[in-house]
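For reference, the structure is listed below as C-alpha cells.
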Amino acid sequence: MMGKQIGYSKGSAGATATSLLLIWVLNIASTSNVVHASPMIAEVDPVSEKCFKYIVPPDDDANMVFMAISSQEEYVVEDHFLTVVQTTCEGLAEGKKQEAMSNVVGEDIPEKVRGKIKRNSGASGVFLKIQKPGKPPLRNQMMMLNAPIIIRNVVKTAGGSGQGWNAPLGGFEVCFSYPNDKRDDEDFVKVLFDMDLLNDDDDDEKKKEKHKDVIKKDHVTPVEMNLEDAIDIAEDILDEFKYMEKRERRMRETAQSTNGRVKYFSYLSIAILLSVTYVQVTYLKSYFKKKKLM
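Anchor point for the sequence shown: position 113 equals 113 in the numbering used here, and the numbering is continuous, going up by one each time.
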C-alpha cells in the first residue's frame with residue numbers, strides 16, 4: 001500500500017487556492033517494510049495557511065519529520081537540510097532512534113555549509129498543526145528555524161490521545177500557518193518535511209515465523225513454501241475485504257439517512273400544500289359570502 005498526500009492552501013482573505021494533488025515518488029526496497037518518500041518543500045507566505053492531507057492505509061502507521069528554514073538560504077544549505085530531514089526520517093523508520101536524533105543540526109554540519117547559513121536559530125513564525133479531521137490537534141506548535149520536529153507513529157499517537165486507533169479515511173491534516181505579516185528581510189518561510197509510511201510487512205514476517213514454528217520438518221518442499229505464501233496472501237485479501245465491507249456499511253447507512261431526510265421533507269411539503277389550500281378555500285368562501293355570491 002502507498003500513502004497519498006493531497007495539498008491545498010488558504011489565503012488571508014479566506015479564498016481557497018486551486019487544490020494540488022501531490023503524490024510522492026516512492027522508493028520501495030524489496031526487503032524493507034518501509035515506504036520511503038522523497039522530502040517535500042512548502043513555501044508558506046505571511047498571513048496564509050497551507051494544508052496537506054496524508055492518507056495512511058488501514059493497519060499501517062507513519063513517521064513525520066518537519067523543519068523550517070529561512071527563504072534567504074542558498075541551495076547548498078537547503079540541500080543539506082533536506083538530507084538531514086530525509087536521513088532522520090529513514091533512521092526512525094529503521095528503528096535507529098538514537099541515530100536519527102543525532103541527525104539534528106549540530107556539529108556535523110560541513111564547514112562549507114555552516115559558513116553559508118544566514119539564519120541559524122530563532123522562531124520561524126510558522127505554526128505546525130497535525131490532526132485528525134474533526135478532532136483536537138495532535139501537535140500544534142511554532143517551528144524554530146533549522147530545528148527538526150519529529151513525530152513517530154502518528155496513528156499510535158492519535159490512539160494514545162483517545163482519538164481512536166484507526167487511521168482516518170480522509171487522511172491526517174498537516175497545516176503550516178504563518179499568521180503574522182511578512183518580515184522586512186524575507187517574504188516567506190520554507191518548510192521541509194518527510195514522511196515514511198510503515199506498512200504491515202512486519203505482520204507478514206510474524207506470520208511466517210508462526211508457520212515456521214508449526215512446521216517441524218527438516219526439509220520443506222517448494223510446494224509447501226508456496227502454500228504458506230498463498231495462505232498469507234489469502235489472509236491479506238480477507239483483511240482487505242473486511243475493510244471494504246466496513247466502508248460499504250458506512251456508505252449504506254449514509255444513503256439510508258439521506259433517504260429518510262428526503263421522505264420527511266416530502267411529508268412536510270405535502271402538509272404545507274394542504275394547509276395553504278385549506279386557507280385559500282376558506283378565504284374564497286368567506287369572500288363570496290360577503291359579496292352574496294353564494
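Just so you know, even glycine gets a beta-carbon here, dropped at the ideal spot from N, CA and C.
For Lys50, same chain residues with a beta-carbon under 6 Å away, outside a window of 5 residues either side, are Ser9, Ala42, Val44 and Phe176 in chain order. When secondary structure is reduced to three states using DSSP, Val155 falls in the helix class. Between the alpha carbons of Glu111 and Ile130 lies a distance of about 35 Å. A Cβ-Cβ separation of about 20 Å leaves Met144 out of contact with Asn63 under the 8 Å criterion. By the Cβ-count criterion, Gly91 is buried, with 16 or more other Cβ atoms from all chains shown falling within 10 Å of its own Cβ. Pro148 places its beta carbon less than 8 Å from that of Val85. Shown here, Lys132 sits in coil according to DSSP, grouped into three states, outside any helix or strand.
For the 8 Å CB-CB criterion, Met142 and Ala167 do not form a contact. Here the C-alpha atom of Pro136 lies approximately 9 Å from the C-alpha atom of Gln163. The straight-line gap separating the alpha-carbon atoms of Asp79 and Pro58 is approximately 33 Å. In this structure, Phe241 sits away from Met40, with a CB-CB distance that is not shorter than 8 Å. Per DSSP, Arg139 lies in no alpha helix (DSSP H); the unbroken beta strand (DSSP E) holding it starts and ends at Pro137 to Met144. Gly170 is classed as exposed because its beta carbon has fewer than 16 other beta carbons within 10 Å across all chains shown. In summary, Phe81 is buried, with 16 or more beta-carbon neighbours lying within 10 Å of its beta-carbon over all protein chains present. If the five residues before and after Gly159 are omitted, its C-beta is found closer than 6 Å to the C-beta atoms of Trp165, all from its own chain and listed in chain order.
The straight-line gap separating the alpha-carbon atoms of Ser121 and Tyr54 is approximately 28 Å. For Leu238, the enclosing alpha helix (DSSP H) covers residues Pro222 to Lys290. Under the DSSP assignment, Glu111 falls in the alpha helix (DSSP H) whose first and last residues are Glu111 to Arg114. Between Val65 and Tyr178, the C-beta gap is not smaller than 8 Å, which leaves the two residues out of contact. Distance from the CA of Gln72 to the CA of Lys118, rounded to the nearest whole angstrom, comes to 7 Å.
Between Val191 and Phe172 a beta carbon distance of about 16 Å is seen, past the 8 Å cut, so the two are scored as non-contacting. Scanning Lys291, Tyr243, Ser286 and Leu274 for the CA closest to the CA of Asp60 turns up Tyr243. Bridge partners of Ser124 according to DSSP: none are assigned. The three-state secondary structure of Leu192, taken from DSSP, is strand.
Leu293 carries a coil assignment under DSSP once its states are collapsed to helix, strand and coil. Of the other Cβ atoms in all chains shown, fewer than 16 fall within 10 Å of the Cβ of Asn226; this residue is therefore exposed. In this structure, DSSP gives Asp187 a state outside helix and strand, which the three-state scheme calls coil. Sixteen is the threshold: when 16 or more other Cβ atoms of the shown chains lie within 10 Å of the Cβ of Asn146, as they do, the residue is buried. Straight-line measurement puts the Cα of Val262 at about 10 Å from the Cα of Ser269.
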